[in-house]
Structure formats: C-alpha cells, structure tokens
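For reference, the structure is listed below as structure tokens.
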Amino acid sequence: MVVMKFGGTSVKDPDAIRRLARIVTREQGISGVPVVVVSAMSGITDQLLDAVAAVERGDADLASQKVTVMRDRHRVAAEALLGPSVERDEVIDLLERQWRETAALLHAMAVLREVSPRSRDAVVAMGELASSHLVAAALTALGTPARCVDAREVLVTSADHGLAQPDLASTAARLHERVRPLVTAGTVVVLGGFIGATASGVTTTLGRGGSDYSASLFGAGLRAAEIQIWTDVDGMLTADPRVVHGARPLPSLSFAEASELAYFGAKVLHPSTIAPAVADGIPVKILNSHRPEVPGTTITAAPPLPEAPLTGLACKRDITVIDIRSTMMLAAYGFMRRVFEVFERYRTSVDVITTSEVSVSITIEDRRAIDDIVRDLSAFAEVGVETEMALLCAVGERLRLEPGLAARVLGALDEFPLRMVSQAGARRNLTVVLPQAHLQAAMARVHERFCLEAEPAGVGA
C-alpha cells in the first residue's frame with residue numbers, strides 16, 4: 119500500500135485535480151490501491167482564518183462574504199469536474215451543507231463575541247473536508263472508484279487545539295477498522311490532512327503544515343510500503359532557489375538530514391512529517407504533481423552518501439539573537455533552568471544556543487513575546503537583543519564522518535561576520551548565525567564549494 123499526499127496547489131482547481139486523478143490511476147496500476155490524503159485548496163485555509171479574524175474584529179458581514187467566495191469556488195470546481203449528473207448534484211448539495219455549517223459556526227462566534235481555540239479548529243477544518251469530498255467524487259467520475267472518509271473519524275488526537283498531538287495506537291486501530299477494508303475491496307480512500315478529533319469527537323487540527331504529518335501518520339498506521347508527498351517542486355533541493363541560484367534537486371537523503379533541513383527552513387517538508395515514517399522505516403518520496411515523470415527525492419534511513427561534501431543548506435530569515443550575561447553563571451547551578459523557564463512561560467521556541475562561562479546566546483523566530491521575555495530575563499541578568507539576523511544551516515552525513523569538514527566550511531565563511539556557531543551532538547549539521555544582509559552571499563559561497571560536487575583533490579589537506 120502507498121499513501122499519496124497532495125498539497126494545496128495540487129488540488130487548487132479542476133485542472134490540478136484532473137492531474138491528481140491521472141497520477142493516482144497510474145500508481146494504482148503500479149503498486150495497487152493507494153490511500154490519498156489532500157490539503158485544502160490553495161488559499162482556502164488562509165481565507166478561513168481571515169473569516170475567523172473578521173469575526174474577532176466584529177465584522178460578521180465580511181466573514182459571511184468570505185464563506186460565499188469559498189463556497190462558490192468549490193461549486194464551480196465540482197461542476198467542471200463532474201458534469202451534469204446525479205452524482206454532481208449530490209456532491210454540490212453536500213458541499214453547500216458544509217459551507218452553510220461554516221457560516222453558522224462563524225455567526226455563532228459573532229453572536230457570542232468569542233473565538234475559542236476549539237471553535238477556530240472547527241472552522242479551519244472545513245477546507246480539508248471540502249477538498250476530500252470533491253477529490254473523491256472527481257476520482258470516481260474520472261474512472262477510479264474512490265470514497266471520502268472523514269479524517270476526524272480516523273485520526274485520534276489530544277485536545278490541544280491548533281497543535282493537537284496524535285494518539286498513534288487509537289489512530290492505527292481506526293485505520294484498520296475503517297480504511298483498510300475499503301482499500302482491500304479496491305476503493306481509493308480519500309482523507310483530509312491536517313484535521314483530526316479527540317476520542318470524544320471534538321474537531322482538532324495538527325498545526326500549519328500538518329497535512330504532511332497526517333500522511334505520515336496514516337502511512338505508519340497502515341504499515342504502508344511508501345509515503346509520497348506530491349507538491350509543486352521537483353523534490354528537496356540543495357538550497358532555497360530564491361536565495362541560491364543553481365540549487366539542484368537531491369535524489370536521496372537520510373531521515374536525519376531531511377529532518378534537519380526541514381527544521382531549519384526547507385519549506386518543502388514539514389519538520390514533523392517524517393517522524394512516524396522514521397519510527398517504522400517507511401521511505402518518503404517528494405514528487406512534483408505538475409511533472410510526475412521527474413523522479414523527485416527519496417528519503418530513507420540509510421541512503422548512499424552523495425559525492426558532494428554537504429547534502430544541502432537551509433536558512434531562516436528574521437531571526438532575533440538574545441544575549442544573556444551574568445556572573446551568577448560562573449560555577450553555579452540552576453541558572454540555565456531560570457533562563458529556559460522564561461521562554462517556556464511565554465511559549466517561545468529556541469533554535470540555536472551557545473554558552474560561555476558568563477553568557478548565553480539564544481536565537482528565536484517568534485518575537486511576539488520579546489518585550490516580556492527581556493523584562494523577565496533582566497530580573498537576574500544583563501540582556502541584549504539583536505534583530506535582522508539570519509540562520510544558515512549546512513547539513514550532511516559527511517559532517518559526522520569526515521573530521522575537518524566542519525572547519526573547512528567555516529573557513530569558507532572567514533570573510534563574513536559570524537555571530538554564533540553551533541554543531542549538534544549528532545554532528546550532521548553546522549549552524550551559523552550572521553546578519554541577514556550577508557545571508558545570500560554566505561549561502562552562495564558554501565553552496566558553490568560544498569554542495570555541487572566533490573571537493574578537488576588536496577582541499578583541506
């Protein structure tokens with residue numbers, strides 16, 4: 119069994135859904151009946167969040183207008199894909215009921231003048247529900263029998279709305295009960311990604327990018343042979359092409375490398391996606407729905423080492439560096455606990471940390487609580503803040519295997535004002551922080567010397 123996940127651009131309009139149907143039919147001829155996971159149509163999740171935000175501002179009319187636009191977009195797609203038929207009328211009626219329910223939820227929120235995390239999840243989930251019904255109907259109409267299964271009846275999660283955690287055992291049990299029999303009978307099951315429900319049936323979401331995570335969870339629960347992530351690029355690249363000209367597709371990389379690249383900014387893959395696949399050793403493929411003939415990128419536990427010294431680069435912009443200095447650190451215990459309690463208090467994640475005897479430097483992306491964080495840290499330390507910084511992460515198994523490679527990478531950056539340098543214990547990544555104005559030139563330098571081909575003989579000797 120293969121699990122195939124299609125992102126928002128792969129279901130954005132009738133032409134994209136027809137391409138999806140051809141890809142699914144081809145896969146069915148190769149490996150048997152697949153399970154299909156879909157995101158909301160591109161832009162729909164943002165529109166749903168905008169509608170919720172409009173309600174929060176007291177603009178119920180704008181929220182209603184946005185629902186009408188979304189409803190009409192799905193109706194037009196259904197008419198184009200299904201043609202005049204009883205099935206088309208049934209699907210359109212189902213979609214109409216769903217968008218009426220969305221409008222009713224938003225109206226209730228406006229009346230109560232309250233938007234809770236629970237109600238926000240109930241609204242935002244409508245994008246994946248609509249696209250999964252539409253894709254299942256389109257597949258059937260185009261010759262591939264399919265059925266939509268509500269993902270909320272399968273993916274069991276915690277009640278942490280907006281960032282729910284999956285219950286792996288309960289999800290696997292429901293997959294075997296509700297999905298596998300349909301697949302065994304020859305029916306393609308279509309599920310919405312990103313959404314789930316608590317054991318009592320309350321709608322939840324996994325967070326942005328969660329559709330990839332859903333596909334990995336379903337693949338692990340069904341013990342799939344492969345998980346395919348279909349998007350609008352040819353696979354994972356050696357670097358972000360918007361930053362580095364000449365970035366090339368990676369034919370293969372390891373689970374660990376993919377996780378590092380995703381966490382440190384590679385947008386093709388959600389950082390959590392491959393965790394369930396890693397646990398079960400299931401290969402993950404990144405493929406282009408616009409160019410299905412391209413082999414894409416295969417992610418496995420132990421791929422062959424690339425010829426180039428580094429597998430790839432990732433970056434994050436708009437990083438903030440917080441310097442915390444105090445002589446209390448010297449030969450003391452408990453200081454670091456106090457520091458990280460502050461970040462935990464304001465639910466702010468930390469990317470990179472470096473320490474010395476009397477100082478700690480920390481990078482963050484989320485600046486929403488920066489004033490509160492600085493105030494609380496200042497109660498026991500001197501605090502400095504630097505903005506407009508960037509993070510550059512070099513990733514590759516050879517960093518772990520070849521002594522001196524990390525030093526050669528840093529040597530290539532000797533002309534740049536590096537602010538922080540960090541290498542994790544696994545030694546598959548080397549991360550530097552530098553002013554954002556220097557990011558593009560630094561990325562280009564490292565990419566040219568270490569990501570395109572093997573180093574010339576004698577380099578670093």
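The numbering of the sequence shown is this note's numbering, which starts it at 119 and goes up by one. Where a beta carbon is used, it is the ideal one built from N, C-alpha and C, also for glycine.
Worksheet item: Which of helix, strand or coil does DSSP assign to residue 392?
Response: coil
Item to complete: Excluding the 5 residues preceding and the 5 following residue 569 in the sequence, name in chain order all residues of the same chain whose CB lies nearer than 6 Å to its CB.
Response: 356, 426, 428
Practice prompt. Express the C-alpha separation of residue 361 and residue 419 in angstroms, rounding to a whole number.
Written response: 28 Å
Worksheet item: Any idea what DSSP makes of residue 201, helix, strand or coil?
Response: coil
Worksheet item: Tell me the DSSP bridge mates of residue 355?
Response: 367
Worksheet item: Per DSSP, which one or two residues make a beta bridge with residue 553?
Response: 507
Worksheet item: Among 385, 284, 189, 241, which one has its Cα closest to the Cα of residue 166?
Response: 241
Worksheet entry | Per-residue burial, residue 576 [other beta carbons within 10 Å of its own, 16 or more giving buried] | Confidence at residue 576 is low in this model, with a pLDDT of 41, below 50, so its placement is unreliable and no value can be given for it.
Worksheet entry | Span separating the alpha-carbon of residue 342 from that of residue 400 | 7 Å
Discussion item. Under 8 Å, with one C-beta from each stretch per pair, do the stretch 537-548 and the stretch 326-342 reach the 3-pair mark?
Written reply: no
Discussion item. Per DSSP, what are the beta-bridge partners of residue 348 in this structure?
Written reply: 124, 405
Practice prompt. Assign residue 419 to one of three DSSP states: helix, strand, or coil.
Written response: coil
Worksheet item: Relative to the C-alpha of residue 377, which residue among 430, 523, 287 is closest?
Response: 430
Item to complete: Starting from the C-beta of residue 574, find all residues in its chain whose C-beta is less than 6 Å away, skip the five residues before and the five after it, and write them out in chain order.
Response: Because residue 574 sits at a pLDDT of 43, beneath the cut-off of 50, its placement in the model cannot be relied upon, and the following sentence gives the value as read from the coordinates. So no residue of the chain qualifies.
Worksheet item: What residue does the beta strand (DSSP E) around residue 400 start on, and which one ends it?
Response: Note, residue 400: premise wrong, no beta strand (DSSP E); not H, not E.
Practice prompt. Using beta-carbon positions only, say whether residue 323 and residue 280 come within less than 8 Å of one another.
Written response: yes
Item to complete: Taking residue 123 and residue 329 to be in contact with their CB atoms under 8 Å, please state how far apart those CB atoms are, rounded to whole angstroms.
Response: 6 Å
Practice prompt. Determine which residues share a DSSP beta bridge with residue 323 and list them.
Written response: 313
Worksheet entry | Which listed residue (509, 501, 543, 505) has its alpha carbon closest to that of residue 519 | 543
Worksheet item: If we ignore side chains and look at the alpha-carbon of each, how far apart do residue 347 and residue 246 end up?
Response: 16 Å
Worksheet entry | Unbroken alpha helix (DSSP H) run spanning residue 414, endpoints | Counting along the chain, residue 414 falls outside any alpha helix (DSSP H), and DSSP gives it neither H nor E.
Worksheet item: Quick check: the stretch 296-316 against the stretch 261-275, are there 3 or more CB pairs under 8 Å?
Response: yes
Item to complete: Below 7 Å CB to CB, which residues in the same chain sit around residue 233 once its five sequence neighbours on both sides are set aside?
Response: 170, 173, 174, 227
Worksheet entry | Three-state secondary structure (DSSP) of residue 385 | coil
Worksheet item: Taking the C-alpha atoms as reference points, what is the distance between residue 416 and residue 119?
Response: 17 Å
Item to complete: Look up residue 372 in the DSSP assignment and say whether it is helix, strand or coil.
Response: strand
Worksheet entry | Which listed residue (464, 435, 515, 526) has its alpha carbon closest to that of residue 555 | 435
Worksheet item: Using the C-alpha atoms, what's the distance from residue 558 back to residue 488?
Response: 26 Å
Fill in: Burial state of residue 176, where buried means 16 or more other Cβ atoms lie within 10 Å
exposed
Discussion item. Considering just the uninterrupted stretch of the alpha helix (DSSP H) at residue 257, what are its terminal residues?
Written reply: 244-259
Discussion item. Quick check on the DSSP output: what are the complete beta strand (DSSP E) runs of length 3 or more inside the stretch 425-453, in order along the chain?
Written reply: 430-443
Worksheet item: Count the other CB atoms within 10 Å of the CB of residue 474; is the residue buried (16 or more) or exposed (fewer)?
Response: exposed
Worksheet item: According to DSSP, is residue 221 helix, strand or coil?
Response: helix
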